[in-house]
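The structure under discussion appears below in the form of structure tokens.
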Amino acid sequence: MLDNQCALFSNLFSETNAFPQTNMVSMTKKEAKAQARRKERSEALETLQQAYNENRVITAIDFEWISFDKKEKIMTEFGWSTLSPHDTQKGGHIIVEEWQTKHNPWCESHCYLYEWGTVEVVTQNEIGRKIKEILANIHMDAYIFHGAKEDVDLLNKLKITLDKPILDTLLALAAKIGKHESMESLATACNVFNIAARYLHNAGNDVHFTVLVGKVIAEQEVSDHQVAMARVPKLTPVKPVIPNMDWKLCLAIFTHDSIPPHELVGPSDLFSNTGLSIAGEPLLKEGILTLLKNKLDSFPGEEIERRCNIILTQQNIGSY
Numbered sequence: 001m002l003d004n005q006c007a008l009f010s011n012l013f014s015e016t017n018a019f020p021q022t023n024m025v026s027m028t029k030k031e032a033k034a035q036a037r038r039k040e041r042s043e044a045l046e047t048l049q050q051a052y053n054e055n056r057v058i059t060a061i062d063f064e065w066i067s068f069d070k071k072e073k074i075m076t077e078f079g080w081s082t083l084s085p086h087d088t089q090k091g092g093h094i095i096v097e098e099w100q101t102k103h104n105p106w107c108e109s110h111c112y113l114y115e116w117g118t119v120e121v122v123t124q125n126e127i128g129r130k131i132k133e134i135l136a137n138i139h140m141d142a143y144i145f146h147g148a149k150e151d152v153d154l155l156n157k158l159k160i161t162l163d164k165p166i167l168d169t170l171l172a173l174a175a176k177i178g179k180h181e182s183m184e185s186l187a188t189a190c191n192v193f194n195i196a197a198r199y200l201h202n203a204g205n206d207v208h209f210t211v212l213v214g215k216v217i218a219e220q221e222v223s224d225h226q227v228a229m230a231r232v233p234k235l236t237p238v239k240p241v242i243p244n245m246d247w248k249l250c251l252a253i254f255t256h257d258s259i260p261p262h263e264l265v266g267p268s269d270l271f272s273n274t275g276l277s278i279a280g281e282p283l284l285k286e287g288i289l290t291l292l293k294n295k296l297d298s299f300p301g302e303e304i305e306r307r308c309n310i311i312l313t314q315q316n317i318g319s320y
């Protein structure tokens with residue numbers, strides 16, 4: 001009887017002690033994972049600082065993309081910007097023709113508002129070849145991203161392999177402040193260092209500011225207070241500024257806002273002085289682009305939508 005009781009207590013003791021041991025193993029894995037993340041961020045910061053301090057030629061790459069099934073990502077824009085040792089930047093912005101009217105509903109659409117040059121439109125079949133050609137002609141020492149994973153995945157999809165070191169402003173800045181999640185937004189990163197960025201979520205603009213963010217991360221310190229003050233709230237889904245149906249007609253709202261709506265839907269020669277190519281590719285020339293930017297800055301969102309609805313109603317193609 002006594003032997004049976006001893007065996008029973010022995011089993012209970014073993015079972016009750018099994019739980020703390022399991023928790024200890026779980027905590028150890030969690031701590032190891034956190035330590036690995038800290039090491040990754042620390043190495044990212046060290047690599048970034050070394051590249052900028054040694055005046056390396058650095059090229060930023062960014063894609064804008066959409067996803068219909070949360071699995072396959074479809075690229076809509078590509079941007080690149082190269083910083084030379086003389087602090088000069090050169091880059092470009094490409095829109096994929098088939099997807100130029102499709103936008104991520106979680107961010108504002110600025111696909112035509114590239115601030116640093118002209119917009120180029122290529123077909124989906126041409127985009128891979130075009131990117132390979134661009135990268136082959138840039139003699140850089142490193143690539144830089146603000147969060148590299150998704151962009152590298154899209155490059156892999158195009159069978160493009162990066163043969164230079166990869167810098168990541170997202171990880172490097174996280175190493176400085178000890179946090180990762182708060183720095184997911186490039187807009188927040190720009191605000192931290194008082195970089196006046198606008199029309200983000202345009203691939204060409206994003207890469208321009210990613211290069212600048214990397215430079216100040218390498219050169220400046222940052223406090224928790226700066227981060228708290230700079231944080232940009234997450235957006236709720238928004239409509240694109242320019243409707244999908246016929247953006248050329250809606251663009252006329254901003255460039256001919258003194259013309260009555262019914263005159264805006266007349267012959268295509270009405271657009272002859274806008275700089276638009278009516279018969280060919282829907283490309284924006286720099287003059288019309290500047291006008292559009294100025295109008296978008298001065299118009300409230302409700303007024304933009306109202307004017308778009310007027311044009312769409314005149315065309316009998318529904319409302320925005």
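Last residue of the sequence shown? That's 320 in full-length UniProt numbering, and every number before it is there in order.
Where a beta carbon is used, it is the ideal one built from N, C-alpha and C, also for glycine.
- T210: member of the alpha helix (DSSP H) spanning A203 to E219, first to last residue.
- Counted as a single uninterrupted DSSP element, the beta strand (DSSP E) harbouring K90 occupies residues Q89 to V96.
- Residues T76, C111, V121 and P282 of the same chain have their beta carbon placed closer than 8 Å to that of Q100, with the five preceding and five following residues left out of the count.
- Relative to W65, the option among D163, R41 and K157 whose CA is nearest is K157.
- For V119, the enclosing beta strand (DSSP E) covers residues V119 to V122.
- When the five nearest sequence neighbours on each side are left out, no beta carbon in the same chain lies closer than 6 Å to the beta carbon of F68.
- S84 has no beta-bridge partner at all, per DSSP.
- Around the beta carbon of D153, fewer than 16 other beta carbons sit within 10 angstroms, so the residue counts as exposed.
- For Y52 and W80, the gap between their C-alpha atoms comes out near 18 Å.
- Using a Cβ-Cβ distance cut-off of 8 Å, the region 210-223 and the region 37-51 are in contact, since at least three pairs of beta carbons, one from each stretch, lie closer than that value.
- In this structure, I166 sits away from A187, with a CB-CB distance that is not shorter than 8 Å.
- Bounds of the alpha helix (DSSP H) holding L170 are T169 to I177.
- With fewer than 16 other beta carbons inside 10 angstroms of its own, R129 counts as exposed.
- Between D87 and V207, the CB-CB gap reaches or exceeds 8 Å.
- Straight across, the Cα-Cα distance linking A203 with D168 is about 16 Å.
- DSSP places A197 outside both helix and strand once states are collapsed to three, so it counts as coil.
- Of the candidates A175, K159, I160 and L135, the residue whose Cα lies closest to the Cα of A34 is A175.
- For T188, the enclosing alpha helix (DSSP H) covers residues L186 to V192.
- DSSP places Y112 in the coil class of the three-state scheme, outside both helix and strand.
- DSSP places E72 in no alpha helix (DSSP H); its state is neither H nor E.
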